[in-house]
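Engineer: Starting off with a structure, shown below.
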Amino acid sequence: MAKAVIGVFRSEDRAKEAINELKDQGFNEREISLIAKEKQGREEDDDRGSLTMERQNLGDGVMTGGALGGIAGLLAGAGALLIPGVGPIIAAGPLAAFLTGVVGGGLVGGLVDFGIPQERGRHFEERVKRGDILVTVKAKDDEVSQITSVLKRYGGEDVEAH
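Position one of the sequence shown corresponds to residue 24 (the numbering used here), numbered consecutively onward.
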């Protein structure tokens with residue numbers, strides 16, 4: 024059964040190093056996801072006063088202002104999303120697909136759909152709001168310890184498998 028292994032990084036460089044190591048060990052872009060607050064984005068209100076969700080293609084890894092553009096470029100399908108309650112984020116990998124349809128549930132809803140328990144999803148959402156970076160990997164049972172080791176080696180905090 025596939026598991027979601029998740030880790031939180033305070034540094035873009037450390038998250039980038041962990042992602043590169045995972046790729047070097049054979050994990051691909053269809054298995055690795057990234058979520059990070061887009062520090063120079065802006066929130067836009069729709070006519071009802073609630074936040075709307077938007078997606079921009081970041082295939083070249085560049086974002087207006089360059090915020091997290093380099094790290095987003097490590098994974099295919101990176102895009103900018105506006106998540107209610109969180110604001111603008113960069114999302115890449117399979118987790119990004121879960122987030123595009125969860126306007127009402129926000130980041131927690133996307134994490135729950137991805138396999139993270141709701142209480143832990145709230146915790147990870149708070150970490151993203153504070154500017155931390157989430158890296159997740161979809162893994163087989165026998166890959167969990169390998170991924171956990173890589174995430175921790177590069178400074179990953181709250182490393183868990185669900």
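Virtual Cβ for every residue (Gly too), placed ideally from N, Cα, C. Because the structure is a prediction, the values reported are computed rather than measured.
Please state the DSSP three-state secondary structure of Glu-52.
Structural biologist: Residue 52 sits at position 29 when you count from the first residue of the sequence shown. Of the three classes helix, strand and coil, the one that applies to Glu-52 here is coil, per DSSP.
Engineer: Mark Lys-175 as exposed unless 16 or more other C-beta atoms lie within 10 angstroms of its C-beta, in which case mark it buried.
Structural biologist: Mapped onto the sequence shown, residue 175 falls at position 152. Classification for Lys-175: exposed.
Engineer: Helix, strand or coil: which one does DSSP assign to Leu-18?
Structural biologist: Past the edges of the chain, shown from 24 to 185, lies residue 18, and the structure says nothing about it.
Engineer: How long is the line joining the alpha carbons of Gly-30 and Pro-107, rounded to whole angstroms?
Structural biologist: For this step, residue 30 is matched to residue 7 along the sequence shown. For this step, residue 107 is matched to residue 84 along the sequence shown. In a straight line, the C-alpha of Gly-30 is about 22 Å away from that of Pro-107.
Engineer: By alpha-carbon positions, which one of Val-131, Gly-138, Leu-104 ends up nearest to Val-160?
Structural biologist: Position 137 of the sequence shown, counted from the start, is the residue given in the question as residue 160. When each option's Cα is compared against that of Val-160, the closest is Gly-138.
Engineer: Please state if the CB of Asp-164 and the CB of Lys-39 are separated by a distance shorter than 8 Å.
Structural biologist: Residue 39 sits at position 16 when you count from the first residue of the sequence shown. Residue 164 sits at position 141 when you count from the first residue of the sequence shown. Not a contact, by the Cβ cut-off of 8 Å.
Engineer: Nearest by alpha-carbon distance to Asp-37: which of Asp-155, Glu-183, Ala-184 is it?
Structural biologist: One-based indexing of the sequence shown puts residue 37 at position 14. Before going further, note that residue 37 is Arg rather than Asp in the sequence given. Measuring from the Cα of Arg-37, the nearest candidate turns out to be Asp-155.
Engineer: Helix, strand or coil for Pro-111, going by three-state DSSP, please let me know.
Structural biologist: Residue 111 sits at position 88 when you count from the first residue of the sequence shown. Strand.
Engineer: What does the alpha-carbon distance come out to for the pair Asn-43 and Gly-129?
Structural biologist: As a working note, residue 43 is residue 20 in the sequence shown. As a working note, residue 129 is residue 106 in the sequence shown. Each residue's alpha carbon lies about 28 Å from the other.
Engineer: Taking the alpha helix (DSSP H) that Gly-144 belongs to, which residues open and close that run?
Structural biologist: Residue mapping note: residue 144 aligns to position 121 of the sequence shown, counting from 1. Where Gly-144 is concerned, the enclosing alpha helix (DSSP H) stretches over 141 to 152.
Engineer: What residues in its chain sit with their C-beta under 6 Å from that of Ala-162, if we drop five residues either side in the sequence?
Structural biologist: The residue you call residue 162 lines up with position 139 of the sequence shown. So the qualifying residues of the chain are Lys-26, Val-28, Ile-170.
Engineer: Need the endpoints of the alpha helix (DSSP H) that Leu-174 sits in, please.
Structural biologist: For the purposes of this step, residue 174 is taken as the residue at position 151 of the sequence shown. Per DSSP, Leu-174 belongs to the alpha helix (DSSP H) from 167 to 176.
Engineer: What residue range is occupied by the uninterrupted beta strand (DSSP E) comprising Ala-38?
Structural biologist: Within the sequence shown, the letter at position 15 stands for residue 38. Note, Ala-38: premise wrong, no beta strand (DSSP E); alpha helix (DSSP H) at 35 to 47.
Engineer: Quick check on Glu-183: buried or exposed, where buried means 16 or more other Cβ atoms within 10 Å of its Cβ?
Structural biologist: Locating residue 183 in the sequence shown gives position 160, where the first residue counts as 1. That one is buried.
Engineer: Please classify Pro-111: is it buried, with 16 or more other beta-carbons within 10 angstroms of its beta-carbon, or exposed?
Structural biologist: Taking the sequence shown and counting its residues from 1, one reaches residue 111 at position 88. Label assigned to Pro-111: buried.
Engineer: When the distance is taken between beta carbons, is Val-131 closer than 8 Å to Arg-145?
Structural biologist: Numbered from 1 along the sequence shown, position 122 holds the residue referred to as residue 145. Numbered from 1 along the sequence shown, position 108 holds the residue referred to as residue 131. Yes.
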